[in-house]
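Engineer: This is the structure I have questions about; it appears just below.
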Amino acid sequence: MVALTNVAAVTATLIALAPAAQADGQYGAIAYSPSGQLFGRTKDAPSRAAAESGAMGACGKSDCKVLVSFSECGAVAENNAGDHAGGYGSTLLTAEQDAMKRLGTAGWIGTWLCN
1 MVALTNVAAV TATLIALAPA AQADGQYGAI AYSPSGQLFG RTKDAPSRAA
51 AESGAMGACG KSDCKVLVSF SECGAVAENN AGDHAGGYGS TLLTAEQDAM
101 KRLGTAGWIG TWLCN
């Protein structure tokens with residue numbers, strides 16, 4: 001009984017001390033330039049607009065466009081035809097799955113980012 005109580009106390013302490021998966025008010029975004037085949041990524045921005053602006057700046061081309069904005073994780077799927085689709089989720093896995101679903105064809109994850 002004592003060992004079980006100690007395990008419960010340690011578990012409760014670890015849960016209380018664990019960092020949050022994503023702090024409130026943090027946003028990320030991923031942009032892509034078809035002509036340069038470049039990604040621009042940003043995370044931990046204070047607003048969605050700031051995240052998108054940061055991703056566009058990091059992409060650096062006139063034809064960059066934001067493919068996904070997110071508060072937790074984002075991913076971009078691509079295929080051999082040059083199609084790209086952004087997805088988001090509460091975890092990297094769910095963001096990747098969302099991006100692949102939105103792509104709609106066989107492909108791969110070209111880039112990802114989590115706050």
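Residues in the sequence shown are numbered consecutively from 1, following the UniProt record's numbering. We treat Cβ as the ideally placed atom computed from N, Cα and C, and that holds for glycine.
Taking buried to mean at least 16 other C-beta atoms within 10 Å of its own C-beta, is tryptophan 108 buried or exposed?
Structural biologist: Against the sequence shown, residue 108 aligns to sequence position 108. Flag for tryptophan 108 reads exposed.
Engineer: If you drop the 5 nearest sequence neighbours on each side, which residues of the same chain put their C-beta closer than 6 Å to that of valine 68?
Structural biologist: Counted from its first residue, the sequence shown places residue 68 at position 68. Ile30, Gly74, Gly86 and Tyr88.
Engineer: Sort His84, Leu93 and Asp98 by Cα distance to valine 66 and report the nearest one.
Structural biologist: The residue you call residue 66 lines up with position 66 of the sequence shown. Minimum Cα distance to valine 66 is reached at His84.
Engineer: May I ask you to report which of helix, strand or coil DSSP gives aspartate 98?
Structural biologist: As a position in the sequence shown, residue 98 is number 98, starting the count at 1. Helix, per DSSP.
Engineer: Residue range of the beta strand (DSSP E) that glycine 28 falls in?
Structural biologist: Translated into the one-based positions of the sequence shown, residue 28 becomes position 28. Taken as a continuous stretch (DSSP letters only), the beta strand (DSSP E) holding glycine 28 covers 27-33.
Engineer: Looking at C-alpha atoms only, which residue of Ala81, Leu113, Ala58 and Gly82 is the closest neighbour of threonine 94?
Structural biologist: Counting from one through the sequence shown, the residue named residue 94 turns up at place 94. Comparing Cα positions, the closest option is Leu113.
Engineer: Report the start-end ranges of each beta strand (DSSP E) in the region 51-88 that is 3 residues or longer and not cut off at the edges.
Structural biologist: Here the runs fully enclosed are 65-70 and 73-78.
Engineer: Could you tell me if leucine 103 is buried or exposed, where buried requires 16 or more neighbouring beta carbons within 10 angstroms of its beta carbon?
Structural biologist: Here residue 103 refers to the residue found at position 103 when the sequence shown is read from its first residue. Flag for leucine 103 reads buried.
Engineer: Check each candidate in Gly28, Gly110, Glu72 and Pro34 and name the one with the smallest Cα separation from serine 90.
Structural biologist: What you label residue 90 is simply residue 90 of the sequence shown in a count that begins at 1. The residue with the shortest Cα to Cα distance from serine 90 is Glu72.
Engineer: Just tell me which of Ala55, Ala77 and Gly110 has its CA closest to the CA of alanine 101.
Structural biologist: Numbered from 1 along the sequence shown, position 101 holds the residue referred to as residue 101. According to the sequence displayed, residue 101 carries lysine and not alanine. Of Ala55, Ala77 and Gly110, the residue nearest in Cα terms is Ala77.
Engineer: Would you kindly work out how many angstroms separate the C-alpha atoms of phenylalanine 70 and glycine 110, rounded to a whole number?
Structural biologist: The sequence position of residue 70 within the sequence shown is 70, counting from 1. The sequence position of residue 110 within the sequence shown is 110, counting from 1. Cα to Cα, the separation comes out at about 17 Å.
Engineer: Could you check the C-alpha separation between phenylalanine 39 and serine 33 for me, to the nearest Å?
Structural biologist: Here residue 39 corresponds to residue number 39 of the sequence shown, with the count starting at 1. Here residue 33 corresponds to residue number 33 of the sequence shown, with the count starting at 1. Using only the alpha carbons, I get a separation of about 7 Å.
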